[in-house]
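First residue of the sequence shown: 390, per my numbering; consecutive thereafter.
Backbone N, C-alpha and C fix where the C-beta goes; we use that ideal spot for every residue, glycine too.
Quick caveat: nothing in here was measured; it's all calculated off a predicted structure.
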Amino acid sequence: QDSRWLPVLVASRIVFIPLLMLCNVKARHCGAQRHHFVFKHDAWFIAFMAAFAFSNGYLASLCMCFGPKKVKPAEAETAGNIMSFFLCLGLALGAVLSFLLRALV
């Protein structure tokens, strides 16, 4: 019911980046470069991706619920529209940046 832990939970999702990078993903350059994979089975990647997706949906829903309650009632609709815009922008930027992350692997 209280949203004070929400920013901490959202920020803690950054731990998924190194976890996903340590999974057994086919490297682009298979020749001279050797990658150290900690999680060699594909099930790890699926589990991490499922947890990442679930936490994204759950925390985004909580943000959408708590956000309009933090402003004046007259501004709640505008706040909801702005939040929807930035949610879509964040999802789009995440999709674009995934190509950069893939290039690093």
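Collapsing the DSSP output to three states places Phe455 in a helix. Around the Cβ of Cys477, a 10 Å sphere holds fewer than 16 other Cβ atoms; the residue is exposed. Residue range Ala465 to Leu493 is occupied by the alpha helix (DSSP H) that includes Leu482.
About 4 angstroms separates the Cβ atoms of Phe434 and Cys412, confirming a contact at the 8 angstroms cut-off. Per DSSP, reduced to three states, the secondary structure at Phe428 is strand. Val460 and Ala468 have their C-alpha atoms roughly 8 angstroms apart. Pairing Phe437 with Leu408 gives a Cβ-Cβ distance under 8 angstroms. Taking the Cα of Phe428 as reference, the smallest distance to any Cα among Asn445, Met410, Trp394 and Leu448 is reached at Met410.
Leaving aside the five residues that flank Gly456 on each side, the residues in its chain whose CB is nearer than 8 angstroms to its CB run, in chain order, Ala468, Gly469 and Met472.
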